[in-house]
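Count along the sequence shown starting at 1, add 183, and that's the number in the numbering used here.
Accompanying notes for the structure given below.
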Amino acid sequence: MVGDVDDLVEPALRDGALDGLIADPTTVSQFLKALGHDGRLTILCHLLDGPRSVTELENLLCARQAVVSQQLARLRLEGLVSAQRDGNAIYYSIQDDKVRQTIIFLANLF
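Here is the structure:
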């Protein structure tokens, strides 16, 4: 598995792909901080399959509505998820494709 990561890193170093990270580390750091919470990361993993209501996420996470809503609010603030109302329910979905790509990468890495 390490060889796979090395295969990705080496071309990035040669091709200057890291220049953006070096020039603006704050954007990347904020993105990683948003993912760096157990609850938020788990929510995003569940949203990979498609939109979910708050109630569905509560059941999947075995968490109270207030806790799930707090984490969803943070993800919305960061622009990582979007919300759509359907009657009394609000459905959340991944808004930023970087989230999808990062979670898939992490799933393969770990």
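Think of the CB as a built atom: it goes at the ideal place given N, C-alpha and C, for glycine as much as any other residue.
Just so you know, these numbers come straight off a predicted model, no measurement behind them.
query: What is the rounded straight-line gap between the Cα of E261 and the Cα of A217?
result: What you label residue 261 is simply residue 78 of the sequence shown in a count that begins at 1. What you label residue 217 is simply residue 34 of the sequence shown in a count that begins at 1. Computed Cα separation, rounded: 7 Å.
message: Restricting to Cα atoms, I'd like to know which of G199, A206, L231, L255 is closest to R241.
response: Here residue 241 corresponds to residue number 58 of the sequence shown, with the count starting at 1. With the sequence shown as reference, residue 241 is identified as Glu, and Arg is not the correct amino acid for it. That would be L255, whose Cα lies nearest to the Cα of E241.
- request: Could you check the C-alpha separation between L224 and E239 for me, to the nearest Å?
  value: Locating residue 224 in the sequence shown gives position 41, counting from the first residue. Locating residue 239 in the sequence shown gives position 56, counting from the first residue. For L224 and E239, the distance between alpha carbons rounds to 16 Å.
message: If contacts are defined as beta-carbon pairs under 8 Å, then G309 and L244 qualify, I think. What distance do you get, rounded to the angstrom?
response: Lying before the first or after the last residue shown, residue 309 is absent from the chain, which here runs from 184 to 293.
message: Please report the distance separating the alpha-carbon of A249 from that of V264.
response: Along the sequence shown, one-based indexing puts residue 249 at 66. Along the sequence shown, one-based indexing puts residue 264 at 81. Going from the Cα of A249 to the Cα of V264 covers about 17 Å.
message: If distances are taken between C-alpha atoms only, which option among Q278, L201, N291, F293 comes closest to P234?
response: Stepping through the sequence shown from its first residue, residue 234 is reached at position 51. Taking only the C-alpha atoms, the option nearest P234 is Q278.
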